[in-house]
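When you line the sequence shown up against my numbering, it's residues 14 to 447, in that order.
In what follows, a structure is listed as structure tokens, so that the remarks can point back to it.
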Amino acid sequence: MLEVWDKALYSIREQLDAHQYNSWFKPIVCEAVTPQAIVLKVPDRFFRDWVRDNYLELLRAELAQQGAPLDIQFTFDGERIDSRPAPARPPAQTYSFEPRYTFDTFVVGSSNHFAHAAAAAVADTPGRDYNPLFIYGGVGLGKTHLLHAVANQVRKANPAAMVQYYTCEEFTNDLISSLRADRMNEFRAKYRRGCDVLLVDDIQFLAGKDRTQDEFFHTFNSLHADKRQIILTSDRPPSEIAYLEERLRSRFQWGLIADVQPPELETRVAILRTKASVEKIPLDDDVAMFLAQNIKSNVRELEGSLVRLHAHARIHRQPIDIALAQSVLKDLIATTGPTITVGQIQKVVAAHFNVTTTDLKGQRRHRAIALPRMIAMFLARNHTPSSFPEIGHRFGNRDHSTVISAVRKIQELMDQRDPSVERAVTELQRTLGV
Ligand code: ADP
Ligand code: MG
């Protein structure tokens, strides 16, 4: 089983420079691979946060390649009991909720007020008013945080409540392995009878998975009929999930649909303050304001920027001030000149190669289009703060693993000094002013 980890590690090593690899991957020990989760032991909380903020997508993508479960759990010595690896806990509660994701640490502003209120109501009286609750919104805007907050709250109020949290991928993987092992009865018992509250994260990944949709449909019906609470999250509303059976789409719309939007400035500042106080990071008002003004669309990146700043300040024994923030975050925030967007990159690349932006977002695989598309993804990854899934989304809803391999491919060609690719990339970078 541990082989999965070794293989993933090998591939990660190929993609990172030695320093990154030695600092952030070599120290990780794979403790267990269960059907639900892979458990990685890291030196401390700080290390875990760093890896989560900077390498989680890479880890997920590489582990997925190896067919590993997609729930990655981290442990370290001295952490709280409830985040211990799955095998140490009783079977009914295989998932540990993130203790830091509570309603107390969730900052409410007008961008997320409605979703927060709905989640809080459901946590108070699960299964009663809004069933299902469907929360949707962009990457890093607090959807997973809200799910865990509900889970933590319900458990606190009623420790015997069976609260189950799964990502859509876990549900799918679990289904596939249960089918293979001919253990569908157990599977059904677990999801239908073993649940007072079922939380499924990133349900948009049901798209196109017919067998999983079918099984989820029955799970949904059974829980709903028993007045068990269902909460789903997605990066888009049910109406925009492609390749979703109509009967599921309509069920997702039965209860309450709430969206989360990117937070406004005051909320961003408040989020930074909360994070800084939880993590005991000294943060002055002017630095908080500077970060909040420059990182706008994604709370995860906002938090990541703080973690990075803290790391640099510790390593270089410097205070966290604006000058340090500017230098550490220069790739994330544009302090000179305008920010480059994925849309601009697509336009410039399309013009350069004499194709259309629709081609870049489309499905054609001819090299005359595939190569410009990969180059555009490469530039988007290197010159915008967008994550792999965000870039995939902007390129015709491609999977993040497609983006990762495109970026890797172009990087390889650049490293091999492939003349035409090198020339195109350099020229495009000049046009973009980077
Ligand atoms: P999503 O699931 O929407 O992609 P997450 O719930 O994983 O986003 O949020 C990303 C990070 O940002 C988490 O660390 C989360 O705690 C934090 N975060 C997002 N929104 C808020 C908020 N309103 N208050 C406090 N932290 C937040
Ligand atoms: Mg999430």
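Just so it is clear, CB atoms sit at the ideal spot from N, CA and C, and this is done for glycine as well.
In this text the structure is predicted, and so the values were computed from the model without any measurement.
When we look at the beta-carbon of residue i and count the other beta-carbons within 10 Å, is it buried (16 or more) or exposed?
i    : result
L278 : exposed
A419 : buried
P40  : exposed
N171 : exposed
N234 : exposed
R193 : exposed
A105 : The pLDDT assigned to A105 is 41, lower than 50, so where the model puts this residue is not dependable; a value taken from the coordinates is nonetheless given after this. That one is exposed.
G155 : buried
N410 : exposed
DSSP three-state label for residue i, please.
i    : result
T107 : Here T107 scores only 43 on pLDDT, less than 50, and its place in the model should not be relied on; the value that follows carries that caveat. Reduced to three states, the DSSP call for T107 is coil.
K203 : helix
S399 : coil
T180 : strand
Q274 : coil
Q242 : strand
Q442 : helix
Q266 : coil
A437 : helix
L212 : strand
G375 : coil
Y114 : coil
F391 : helix
S235 : helix
M175 : coil
E258 : coil
Relative to the C-alpha of residue i, which candidate in the options has its C-alpha closest?
i    : options                   : result
D66  : E182, T138 and A324       : A324
L219 : A238, V64 and E182        : E182
D344 : N395, S310 and M302       : N395
T47  : K39, D30, A77 and A81     : A81
L72  : N144, Y23 and D117        : Y23
K20  : H32, F59 and A74          : A74
S36  : I51, V64 and E16          : V64
F123 : G140, C43, I216 and A283  : In the sequence on display, residue 123 carries Ser and not Phe. Among G140, C43, I216 and A283, the Cα nearest to that of S123 is on A283.
F87  : F230, V42, A130 and V120  : V42
I417 : D62, A77, D57 and L192    : A77
R313 : R196, R281 and F229       : R281
Q33  : M175, F60 and L53         : F60
E440 : R206, R286, V362 and S399 : V362
Y179 : S400, D223, D84 and A202  : D84
V176 : V135, S191, N186 and D142 : V135
K169 : N198, D137 and R141       : D137
Since residue i is in the beta strand (DSSP E), which residue starts that stretch and which ends it?
i    : result
I25  : It is not in any beta strand (DSSP E) - I25 instead sits in the alpha helix (DSSP H) that spans E16 to Q28.
A6   : Residue 6 cannot be examined here, being either before or after the span of the chain that is shown, 14 to 447.
Q33  : Element bounds for Q33: not the beta strand (DSSP E) but the alpha helix (DSSP H), A31 to W37.
D84  : D84 to T88
A50  : A50 to K54
L146 : L146 to G150
Residue range of the alpha helix (DSSP H) that residue i falls in?
i    : result
L222 : One point to set straight first is that residue 222 is Lys, not Leu, in the sequence displayed. Here K222 belongs to no alpha helix (DSSP H), and DSSP marks it neither H nor E.
D137 : H126 to D137
V320 : V312 to I328
D248 : Unbroken run through D248: none, as it is neither H nor E.
Y68  : R58 to Q78
G356 : V355 to F366
A81  : Run containing A81: none; DSSP gives neither H nor E here.
Report whether the distance from the Cβ of residue i to the nearest heavy atom of the ligand PLP is below 7 Å.
i    : result
V120 : The ligand PLP is absent from the structure shown, which contains only the ligand ADP and the ligand MG.
Discussion item. With three or more beta-carbon pairs closer than 8 Å as the criterion, would you say the segment 192-210 touches the segment 237-256?
Written reply: With a cut-off of 8 Å on Cβ pairs, the segment 192-210 is in contact with the segment 237-256, counting three or more such pairs.
Worksheet item: Is the segment 247-266 close to the segment 288-295, with three or more CB pairs under 8 Å?
Response: At 8 Å Cβ cutoff, the stretches do not touch.
Worksheet item: Hey, is the segment 329-343 in contact with the segment 360-370, meaning 3+ C-beta pairs nearer than 8 Å?
Response: Counting Cβ pairs under 8 Å, fewer than three are found: no touch.
Worksheet item: If you pair each beta-carbon of the segment 296-313 with each one of the segment 336-343, do three or more pairs fall below 8 Å?
Response: A contact between stretches requires three or more CB pairs, one per stretch, nearer than 8 Å, and the segment 296-313 meets this requirement with the segment 336-343.
Worksheet item: Does the pairing of the segment 155-166 with the segment 109-123 give three or more beta-carbon distances under 8 Å?
Response: Yes, they touch.
Worksheet item: Should the segment 262-281 be regarded as contacting the segment 142-156, the criterion being three or more beta carbon pairs within less than 8 Å?
Response: Enough Cβ pairs lie closer than 8 Å, so yes.
Worksheet item: Three or more C-beta pairs closer than 8 Å, one from the segment 382-400 and one from the segment 223-237: is that the case here?
Response: The answer is no - the segment 223-237 does not touch the segment 382-400, with fewer than three Cβ pairs under 8 Å.
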